[in-house]
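J.:
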Amino acid sequence: GTIYVVSGGAGAPLYSPKDAWFVNTSEKTYHYCMLDVSIKKMEMTCIVKDIQGSVIDKFSFDSEGV
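The following block contains the structure:
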């Protein structure tokens, strides 16, 4: 299936996240996302960190899936 990463914590006023069936992780904090893509391993990792560097969420998938 398709994976969507929606990130909106980079500068505008923050709003309280809402619960929904399609939301896995949410947090009201300024943050950033880092993507590590490896062509050799056919793998991608996404790490979401707050501005202090603490990991909020992390996931990865390879050519086999999530």
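The numbering of the sequence shown is the working numbering, which starts it at 163 and goes up by one. Just so you know, even glycine gets a beta-carbon here, dropped at the ideal spot from N, CA and C.
(1) Could you please give me the residues that DSSP links to Val217 through a beta bridge?
(2) Three or more C-beta pairs under 8 Å: does that hold for the segment 179–195 against the segment 207–227?
(3) With Ser225 and Met204 assumed to form a contact (beta carbons below 8 Å), what rounded beta-carbon distance in angstroms separates them?
(4) Going by beta-carbon coordinates alone, are Val167 and Cys208 separated by less than 9 Å?
(5) If you check the beta carbons only, do Ile165 and Tyr194 fall under 9 Å apart?
T.: Quick look at the numbers:
(1) Counting from 1 along the sequence shown, the entry for residue 217 is found at position 55. Note: Val217 sits in a beta bridge opposite Lys211.
(2) yes
(3) In the sequence shown, the residue the question calls residue 225 occupies position 63. In the sequence shown, the residue the question calls residue 204 occupies position 42. Ser225 to Met204, Cβ: 4 Å. Contact.
(4) Taking the first residue of the sequence shown as 1, we reach residue 167 at position 5. Taking the first residue of the sequence shown as 1, we reach residue 208 at position 46. Taking 9 Å as the Cβ cut-off, Val167 and Cys208 qualify as a contacting pair.
(5) Here the question's residue 165 lines up with position 3 in the sequence shown. Here the question's residue 194 lines up with position 32 in the sequence shown. The answer is no: Cβ separation not under 9 Å.
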